[in-house]
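Residue numbers (this note's numbering), protein chains in the order written: chain A, -18 to 114; chain B, -18 to 114. Comments concern the structure below.
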């Protein structure tokens, strides 16, 4: 992961998109609702998923559990129309701002966001509390 | 990554925090500004970083490039006071909502967010455009 200073500068301050996929060929992607910025989900993309996302304007991911390319919404109807794609400083993370289709949700459990439980921590014990959605 | 149905149900609908660290011992964490929900950064935590985050109320991460525990802000002053911790459906991602200290930023480049470049895609070519911050 260590880079020469000129590589680092180009990566951080350049205009070239050079996504740094991990050894597993994947890059992490956080997806928010463009309407209000709510974090909907976190998923992964391989090179093909990222390319298809650009080419089609619809979010594609790589499912690590199914080990397959996944156009979000194909079964749920929650197609994500991509409004903006951002990359982070060292180009190893993607941020998608999307307009979710179908019922407007993103989580396979039926909730709007995958982050529907808050951690309540007290006296060294963590407990999950369900958020209103 | 495949789970028995009852494990999956407990993971998704239970009140027990059972973070699923990867084979590298890390879990991915997206960090937002509690003030307006802006995505500030994406980083990783090992078990110790997560525990220290709960115990101290200040965000701790694991630096993959330095291979060391990292209390965000120790050198930059951008200490992140944790206001809320959420976990996703399958408990392999964390969402931190924080109040950033110091100059209110999170990125080592001096910008507020690490996601300061938008991808402009046209005719099969991607180019990075700097966002106003």
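Glycine included, each C-beta is placed from N, C-alpha and C at the ideal position. Please read all numbers here as calculations on a predicted model, not as lab measurements.
Check                                                                                                                               : Outcome
Residues of the region 64 to 84 of chain B with Cβ closer than 7 angstroms to any Cβ of chain A, in chain order                     : 65, 66, 67, 68, 69, 70, 74 and 76
For residue 111 of chain B, three-class secondary structure by DSSP                                                                 : strand
Short CB-CB distance (under 8 angstroms) between residue 102 of chain A and chain B                                                 : yes
Cβ separation of residue 29 of chain A and residue 50 of chain A, assumed to be a contact under 8 angstroms, to the nearest whole Å : 6 angstroms
Selected residue, minimal CA-CA separation from residue 45 of chain B, among B/61, B/26, B/39 and B/104                             : B/26
8 angstroms Cβ cutoff, residue 40 of chain A in contact with chain B                                                                : no
Amino acids of chain A, ordered along the chain, whose beta-carbon sits closer than 8 angstroms to that of residue -5 of chain B    : 109
Short CB-CB distance (under 8 angstroms) between residue 89 of chain B and chain A                                                  : yes
Backbone secondary structure at residue 41 of chain A - three-state DSSP                                                            : strand
CB contact flag (residue 67 of chain B, residue 98 of chain A, <8 angstroms)                                                        : yes
Where residue 9 of chain B meets chain A, residues with beta-carbon distance less than 8 angstroms                                  : 9 and 23
Cβ-Cβ separation, residue 95 of chain A to residue 21 of chain A (assumed contact under 8 angstroms), whole Å                       : 7 angstroms
Exposure label - residue 103 of chain A; buried when at least 16 CB within 10 Å                                                     : exposed
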